[in-house]
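J.: Take a look at the following structure, please.
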Amino acid sequence: MTDTENKVVEITDDNVPSDDDMPALEEATANTTIEEGDESEEAAAEVGRSEKKMRKALMKLGLKPVPGIQRVAMKKQPNVLFAVKKPDVYVVGDTYVVFGEYNVEDMNAQARAQAQMMQQQQAAAGGDGADDDDDDIPALEEAPVDEGDVDETGVEAEDIELVVQQANVSRGQAVKALKENDNDVVNAIMTLTT
Numbered sequence: 001m002t003d004t005e006n007k008v009v010e011i012t013d014d015n016v017p018s019d020d021d022m023p024a025l026e027e028a029t030a031n032t033t034i035e036e037g038d039e040s041e042e043a044a045a046e047v048g049r050s051e052k053k054m055r056k057a058l059m060k061l062g063l064k065p066v067p068g069i070q071r072v073a074m075k076k077q078p079n080v081l082f083a084v085k086k087p088d089v090y091v092v093g094d095t096y097v098v099f100g101e102y103n104v105e106d107m108n109a110q111a112r113a114q115a116q117m118m119q120q121q122q123a124a125a126g127g128d129g130a131d132d133d134d135d136d137i138p139a140l141e142e143a144p145v146d147e148g149d150v151d152e153t154g155v156e157a158e159d160i161e162l163v164v165q166q167a168n169v170s171r172g173q174a175v176k177a178l179k180e181n182d183n184d185v186v187n188a189i190m191t192l193t194t
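Sequence positions in the sequence shown follow the UniProt record's numbering and run 1 to 194.
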């Protein structure tokens with residue numbers, strides 16, 4: 001049979017690492033430096049692990065960084081713009097790769113905001129402005145209302161009520177329109193509403 005030895009190992013407090021002890025600091029190596037396209041340490045802090053992998057893979061494809069680009073804007077629809085401030089742009093041939101935080105800008109909203117600001121500025125500069133604007137607009141004339149006794153002979157009461165409801169006019173106007181259109185309800189309503 002074989003001889004087996006039982007080893008006894010003494011454990012002392014010096015050999016066991018404690019949770020209270022602070023670990024030793026390690027020196028920064030070349031692997032922790034900022035990537036080629038990044039301009040500051042802030043950009044390196046914002047770059048995630050997957051983005052770093054993607055950049056490394058794209059660098060292997062021969063992409064070259066394009067320096068000096070402050071903003072990239074891409075038009076998606078007639079009124080929607082994708083914008084990237086401080087992008088990292090790479091080029092190979094006629095293909096560009098843009099890294100950065102994309103923001104969607106609605107050009108309609110910007111136009112409305114500018115129009116509102118201009119109106120506020122004009123109102124502040126012109127003061128009242130109400131006296132000058134009223135001169136160009138003519139006053140509306142009110143249509144005469146025939147609420148007296150109306151001759152309803154030759155016109156059915158149901159037709160009159162229908163025209164009053166549909167055209168939203170007075171009973172006298174409905175009777176007049178029906179007589180002018182030979183008791184044609186549809187033509188009477190069309191005349192009153194157009």
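Glycine included, C-beta positions come from ideal geometry on N, C-alpha and C.
In this text the structure is predicted, and so the values were computed from the model without any measurement.
Can you name the residues that DSSP bridges to A157?
T.: In the DSSP output, where bridge partners are listed per residue, A157 has none listed.
J.: Which of helix, strand or coil does DSSP assign to T95?
T.: strand
J.: Please return the same chain residues whose Cβ sits closer than 7 Å to the Cβ of V104, not counting the five positions on each side in sequence.
T.: V80, F82
J.: I'd like to know whether the C-beta atoms of I160 and R171 end up nearer to each other than 8 Å.
T.: yes
J.: Measure the alpha-carbon distance for Q114 versus G68 and round it to whole angstroms.
T.: Distance between the alpha carbons of Q114 and G68: 30 Å.
J.: Provide the residue span of the beta strand (DSSP E) that contains N183, from first to last.
T.: No beta strand (DSSP E) contains N183, which DSSP labels as neither H nor E.
J.: With a threshold of 6 Å on Cβ separation, who are the neighbours of M74 within its own chain once the five nearest residues in sequence on each side are excluded?
T.: Cβ neighbours of M74 beyond the five flanking positions: F82.
J.: Just tell me which of N108, A125, D184 has its CA closest to the CA of G154.
T.: That would be D184, whose Cα lies nearest to the Cα of G154.
J.: Would you kindly work out how many angstroms separate the C-alpha atoms of L61 and R112, rounded to a whole number?
T.: Approximately 44 Å, taken between the alpha carbons.
J.: So what's N103 in DSSP terms, helix, strand or just coil?
T.: strand
J.: Output needed for N108: all residues of its chain with C-beta closer than 7 Å, excluding positions within five of it in sequence on either side, in chain order.
T.: N79
J.: Between L162 and the rest of its own chain, which residues show a CB-CB distance below 7 Å, the 5 nearest in sequence each way excluded?
T.: Cβ neighbours of L162 beyond the five flanking positions: V185.
J.: Which stretch, first to last residue, makes up the alpha helix (DSSP H) that contains L58?
T.: 49-60
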